[in-house]
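**Student:** Just add 17 to wherever you are in the sequence shown, counting from 1, and you've got this note's numbering.
Even for Gly, the Cβ is constructed at its ideal location relative to N, Cα and C.
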Amino acid sequence: MNYVEVTIEFSELHPWRDIVLSELSNRNFESFVETKSGLKAYIPEKDFKETELNFIHDISAVSDQNHLLIPDQNWNAKWEENFPPVFVEEKLVIKAPFHQQKFEAPYVITVQPQMSFGTGHHQTTWLMAQRMFEINLIDKDVLDMGTGTGVLAILAEKLGAKSVLAPDIDEWSYRNAKDNVALNDCHKIEVLLGDHQLLYGKKFDLIIANINKNVLIHHFSVYSECLKPGGKLLISGFFTTDQDDLKTIAEELGFIFEQLITKDEWALMQFRC
């Protein structure tokens with residue numbers, strides 16, 4: 018399948034990138050990569066209509082926008098070229114099926130590379146994985162909200178979680194996560210298609226949410242209802258400049274801030290209830 022890659026550059030990132038991302042996600046775009054100055058969005062060629070991008074011209078904060086066709090045969094080769102194994106310190110390797118070399122890390126996760134956020138190459142996925150090693154997950158109930166490729170849900174099971182709920186609103190991500198769960202022979206992960214409505218009545222010891230700032234703010238009240246006493250909330254998917262806003266709103270809902278970790282310009286925050 019051929020894909021179209023749309024590249025958008027912003028003179029002012031916030032809140033415009035999140036607004037554009039949200040709009041494109043409602044227009045059949047399947048996946049997104051946030052860059053330092055903008056956004057790359059991907060859509061199957063058969064679903065692409067240039068008129069769907071007209072709304073971007075009305076946003077003064079957009080400094081440049083272009084699109085190009087990525088032929089199917091070149092896309093697959095591009096992944097193999099640009100998907101090196103990811104090393105999370107010396108504890109974890111995230112690799113693709115075509116990586117045949119032997120790895121000595123205690124934990125190895127195999128992810129079929131596709132056009133999706135969450136393969137481990139993005140700083141926020143790396144931050145989440147690194148932090149999960151510092152939390153006791155044995156016999157714990159875990160939520161991986163917006164699971165994407167499922168890599169963090171898979172890591173949670175490998176670290177001893179009793180159960181892992183892994184929802185995503187995107188049907189393509191849902192299917193990809195299910196494939197990766199099977200690829201890693203995991204049996205305690207339930208991948209679901211849907212949003213926070215799936216969480217009502219459920220309780221978790223750890224909530225992982227690697228999502229953009231606006232969605233996190235929208236979900237905070239639901240997370241406060243779902244987290245068990247003494248449970249922990251890990252959030253990422255946002256820039257260090259967003260930390261104060263997120264901390265203020267989380268604390269208003271009763272979360273207690275514990276830790277901030279950063280990588281490049283990206284951040285992870287840890288709270289407890």
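Would you report the Cα separation of Asn197 and Thr68, rounded to the nearest angstrom?
**Tutor:** 35 angstroms
**Student:** May I have a chain-ordered list of the beta strand (DSSP E) segments no shorter than 3 residues that lie completely inside the segment 57–114?
**Tutor:** 79–87, 103–105, 109–112
**Student:** Assign Leu70 to buried or exposed, taking buried as 16 or more other Cβ atoms, counted over all protein chains shown, within 10 Å of its Cβ.
**Tutor:** buried
**Student:** Determine which residues share a DSSP beta bridge with Glu22 and list them.
**Tutor:** Bridge partners of Glu22: Tyr59, Leu85.
**Student:** Quick check on Tyr240: does DSSP put it in helix, strand or coil?
**Tutor:** Looking at Tyr240 - three-state DSSP - the assignment turns out to be helix.
**Student:** Taking Cβ positions, are Asp185 and Ile225 nearer each other than 8 angstroms?
**Tutor:** no
**Student:** What number of angstroms, rounded off, separates the C-alpha of Cys203 from the C-alpha of Gln140?
**Tutor:** 25 angstroms
**Student:** Relative to the alpha-carbon of Ala284, which residue among Leu86, Leu200, Met145 has its alpha-carbon at the smallest distance?
**Tutor:** Met145
**Student:** Kindly indicate which residue of Lys264, Asp261, Gly271, Asp259 has the alpha-carbon position closest to the one of Leu244.
**Tutor:** The option with the nearest alpha carbon to Leu244 is Gly271.
**Student:** Output the distance between the C-alpha atoms of Trp143 and His213, rounded to the nearest integer angstrom.
**Tutor:** 24 angstroms
**Student:** Ala36 lies in the alpha helix (DSSP H); which residues open and close that run?
**Tutor:** The amino acid at residue 36 is misidentified as Ala; the sequence shows Ile. From DSSP, the alpha helix (DSSP H) with Ile36 extends over 33–42.
**Student:** Mind checking which residues open and close the beta strand (DSSP E) that includes Val159?
**Tutor:** 158–162
**Student:** Determine the direct distance from the alpha carbon of Asp261 to that of Leu277, and round the result to whole angstroms.
**Tutor:** 11 angstroms
**Student:** In three-state terms, what does DSSP make of Ile225?
**Tutor:** strand
**Student:** Would you kindly work out how many angstroms separate the C-alpha atoms of Phe72 and Asp187, rounded to a whole number?
**Tutor:** 22 angstroms
**Student:** Quick one: grab the DSSP three-state call for Ser180.
**Tutor:** strand
**Student:** If we count the other Cβ atoms within 10 Å of its Cβ and call it buried at 16 or more, is Leu172 buried or exposed?
**Tutor:** Answer is buried; the Cβ neighbour count reaches 16.
**Student:** If you check the beta carbons only, do His210 and Tyr240 fall under 8 angstroms apart?
**Tutor:** What sits at residue 210 in the sequence shown is Leu, not His. Contact flag unset, no.
**Student:** Short of 6 angstroms in beta carbon distance, which residues of its chain neighbour Asn231, apart from the five on each side in sequence? Order them along the chain.
**Tutor:** Asp35
**Student:** Cutting at 7 angstroms between CB atoms, please list the residues of its own chain near Asp89, excluding the five before and the five after it.
**Tutor:** Met18, Asn19
**Student:** Could you pull the DSSP bridge partners for Arg289 from this structure?
**Tutor:** Lys249, Ile273
**Student:** From Leu9 to Val37, what distance separates their C-alpha atoms?
**Tutor:** Nothing can be reported for residue 9: it is not among the residues displayed for the chain, which extend from 18 to 290.
**Student:** Excluding sequence positions up to five away, which residues of its chain have a Cβ less than 7 angstroms from the Cβ of Leu154?
**Tutor:** Contacts found: Ala173, Leu176, Gly177, Ala178, Leu223.
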